[in-house]
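Take a look at the structure below.
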Amino acid sequence: MSEVKIEEVEYLVEILEKYPRESLLKIAKNEGIDYYKLKRLYDRYYGKYVHVSAIYDIAKLGLKSYVAFLSVPREDIRMVALQMSKNPFIPSIAAMFGFKNGISAVLHVPKEQTNLIDELLSRYSDDYEYYEVRAYPEKPKEFGDWNLSYEYAVLMDILKYDARTSPTKMSEILGKSRPTINYMIKRLEELGIIRGYHAMVDMTAYDRGFCGITDELSDVILKKFRDYEILLGVLKPKGYLVEWYFSSKEDIGAKIFEFSRYVKKVAIYYFDLLEGIEPNYKFSERVKKDGSGYRSILEF
Numbered sequence: 003m004s005e006v007k008i009e010e011v012e013y014l015v016e017i018l019e020k021y022p023r024e025s026l027l028k029i030a031k032n033e034g035i036d037y038y039k040l041k042r043l044y045d046r047y048y049g050k051y052v053h054v055s056a057i058y059d060i061a062k063l064g065l066k067s068y069v070a071f072l073s074v075p076r077e078d079i080r081m082v083a084l085q086m087s088k089n090p091f092i093p094s095i096a097a098m099f100g101f102k103n104g105i106s107a108v109l110h111v112p113k114e115q116t117n118l119i120d121e122l123l124s125r126y127s128d129d130y131e132y133y134e135v136r137a138y139p140e141k142p143k144e145f146g147d148w149n150l151s152y153e154y155a156v157l158m159d160i161l162k163y164d165a166r167t168s169p170t171k172m173s174e175i176l177g178k179s180r181p182t183i184n185y186m187i188k189r190l191e192e193l194g195i196i197r198g199y200h201a202m203v204d205m206t207a208y209d210r211g212f213c214g215i216t217d218e219l220s221d222v223i224l225k226k227f228r229d230y231e232i233l234l235g236v237l238k239p240k241g242y243l244v245e246w247y248f249s250s251k252e253d254i255g256a257k258i259f260e261f262s263r264y265v266k267k268v269a270i271y272y273f274d275l276l277e278g279i280e281p282n283y284k285f286s287e288r289v290k291k292d293g294s295g296y297r298s299i300l301e302f
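Quick look at the structure:
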């Protein structure tokens, strides 16, 4: 495949963000653009560098989100990341160097199992820190429970992996009719479990990331959040997480110098160091087959 053109990737992301599940024909018609041009871009990048994913309100499912930073010797990073990737309650893993040299990970922990986090992380490192993290700006949270059948977990995995999966393919996987599939999706949307759909750039296009932790958000950071799509998270009980993804071809030193002025702790993610290691975020492996609730985060 020829070199990735970031401007083409970002154009496709912009289009799919607006029309996450519509057909290419419908998108081209609605936007008044050339169908064949759109299809060429789609065939070139979708599924390789861009995908559309369902975004879930995991709090409604009784899950709390945490970000963890673990010290791991450089020579052991891939081995430890591979071990962590087998746990479906650890949906994101990245190599990092900065205030911790090792691994950054996102944890989705059932509300009744938060007391097990230390035992889980101590399997991978003797030196770690973690924080509960919520979306910015923070809104009041009520944590529910898993009260759906197991088939919903399978459907959620499909929509998380590729929300543009055809209804026919979903019917084949679930063994249910297309009207039933549509009903299940609509129910997830009406319950607020599906918050929406998001077009994402895979880390192979943006192979670096900035990570900063600060006690307070400056006006400068908030302005750059608007201008550069910096991702912000609220840390509990106090603080903020600042993330920004970019390419290694850009001037990383300048970015570190610029952003380190506004945060207390700083690190850089190196996504390419864990290439080939895919975290397992499957709801169908988190949930018991009888749909009665979650398995233990220590089972894996």
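Numbers given in our numbering equal positions in the sequence shown, counted from 1, plus 2.
Cβ coordinates follow ideal geometry from the N, Cα and C atoms, glycine included.
Predicted, not measured: the structure shown is a model, and the values here were computed from it.
If only uninterrupted alpha helix (DSSP H) runs of at least 4 residues are considered, those enclosed by the region 235-279 are 254-261.
Using a 10 angstroms sphere on the CB of I215, the tally of other CB atoms reaches 16 or more, which defines it as buried. Its Cα nearest to that of F261, the residue I232 stands out among L118, E153, A96 and I232. When the beta-carbon positions are compared, G104 and I270 stay at least 8 angstroms from each other.
Distances from the CA of E280 to each of N89, I35 and R210 were compared; the closest alpha carbon is that of N89.
Counting along the chain, I57 sits inside the beta strand (DSSP E) bounded by residues V52 to Y58. Within 10 angstroms of the beta-carbon of M186 lie 16 or more other beta-carbons, which makes it buried. Under the DSSP assignment, Y47 falls in the alpha helix (DSSP H) whose first and last residues are Y37 to Y47. When only Cα atoms are considered, K291 and Y283 end up about 16 angstroms apart.
Looking at the DSSP output, A70 shares a beta bridge with A107 and Y132. P112 has its alpha-carbon roughly 4 angstroms from the corresponding atom of L65. Where R210 is concerned, the enclosing beta strand (DSSP E) starts and stops at R210 to T216.
CA-CA distance, S250 to F212, rounds to 11 angstroms. Closest in C-alpha terms to S25, from the list I8, V54, E10 and K50, comes V54.
In this structure, the alpha-carbon of M86 lies about 31 angstroms from that of S173. Taken through DSSP and simplified to helix, strand or coil, P112 comes out as strand. Of G198, Y130 and E301, the smallest CA-CA separation from A56 is found for G198. Closest by C-alpha distance to K50, out of T170, D164 and I35, is D164. By the C-beta density criterion, V11 is buried, having at least 16 other C-beta atoms within 10 angstroms. If you check the CB distance, S106 and V69 come in under 8 angstroms.
Counting along the chain, the unbroken alpha helix (DSSP H) around Y185 starts and ends at R180 to E192. Under a 10 Å Cβ-count criterion, M81 is classified as exposed, with fewer than 16 other Cβ atoms of the shown protein chains found around its own Cβ. Comparing alpha-carbon positions, the option among D147, K62 and D217 lying closest to L243 turns out to be D217.
Residues A61 and R136 of the same chain have their beta carbon placed closer than 7 angstroms to that of K143, with the five preceding and five following residues left out of the count. In the structure shown, R166 adopts coil according to DSSP, grouped into three states. By the beta-carbon neighbour count (other beta carbons within 10 angstroms, threshold 16), P181 is exposed. The beta carbon of I223 sits closer than 6 angstroms to those of Y264, all from its chain and outside the five residues before and after it, given in chain order. In the three-state scheme derived from DSSP, where H, G and I count as helix and E and B as strand, F285 is classed as helix. Selection G278, E134, R76 and D147 evaluated against D204 yields G278 as nearest (Cα-Cα).
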